[in-house]
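Per full-length UniProt numbering, the sequence shown starts with residue 1, numbered consecutively. For each residue, glycine too, the CB sits at the ideal point set by N, CA and C. For clarity, every value in this text was computed on a predicted model and none was experimentally measured.
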Amino acid sequence: MRHKGKEPYPEGNQYYVSSTFLPVGEEPMEKRAAILEAVKMVLKGKPKLAAQIMKIAKKEN
């Protein structure tokens, strides 16, 4: 289930996942897994780590 719009998550987290951030069916599974991992890191409050994961994912594809 995707989060739509700009209202915060129930936990009160300040980060949002836009619907363009998780395209369905367009990306290889490995890259999608990396994106989901990055989202988890951001939700845990580690956006820098998430950025590194995304850089690695972009290099691989």
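Roughly how many whole angstroms lie between the Cα atoms of residue i and residue j?
i   : j   : result
A57 : K48 : 14 Å
L43 : Q52 : 15 Å
K46 : A33 : 17 Å
E37 : K31 : 10 Å
K40 : A50 : 8 Å
M54 : I35 : 7 Å
In chain order, what residues of the same chain lie with their CB nearer than 7 Å to the CB of residue i, ignoring the 5 residues before and after it?
i   : result
K59 : none
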